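Here the structure is laid out as structure tokens; the discussion comes afterwards.
In structure tokens, the structure reads:
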């Protein structure tokens, strides 16, 4: 930063850490009207295109508590590719301490899409991939009884070392390689043939 300002070392009126702290504070700052602005955006988008969907709830103090929205094009995506949905709660909006949840799907070209229309439609996905959460499993069973709830493979594989290192010992690394090779199989038949060999 000193080079950019063309000053000698130590002559800046602030430290680099001060700049970092300022931007961190600025990033976490909340606008007093942000919830209202989000709702106004949703209402405007709905008036522009009736396929835009949104729903929200307010708490006892009339503050925004939950919101769900889906862009208009997601309706078509869900109709075409809604057989499997991934429910990802890995994101956090830190300044509000609220989870940001993303519904993710894969189109027929293997590209990631966001078909987050499923909560507002009568049709449920065939399979929903979630984290290993008892409450989520119970909610899916209640709200989408014909949907298969499966755990996300990433969450499962992160626990492999704790489950299998002591059992497999020196064979653990080769077993992991064999397991990950299952990902590369193209057909159900190939998977069904290889799966018993891995387990």
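In the UniProt record's numbering, the protein residues as written are 1 to 199. For glycine and all other residues, C-beta sits at the position ideal for the given N, C-alpha and C. Since we're looking at a predicted model, the values are computed, not measured.
- With respect to residue 185, residue 191 sits close: the two C-beta atoms are nearer than 8 Å.
- Here residue 52 is actually not in contact with residue 67; their C-beta atoms are around 13 Å apart, not less than 8 Å.
- By the CB criterion at 8 Å, residue 127 and residue 148 fall inside the cutoff.
- The beta-carbon separation of residue 195 and residue 182, rounded to 7 Å, stays under the 8 Å limit for a contact.
- Across the set 154, 38, 168, the C-alpha of 154 shows the shortest separation from the C-alpha of residue 132.
- Annotation for residue 141: 149 place their beta carbon closer than 8 Å to its own, counting only its chain and skipping 5 residues before and after.
- Residue 72 carries a coil assignment under DSSP once its states are collapsed to helix, strand and coil.
- Here residue 56 is bridged, per DSSP, to 67.
- According to DSSP, residue pairing for residue 150 in a beta bridge involves 129.
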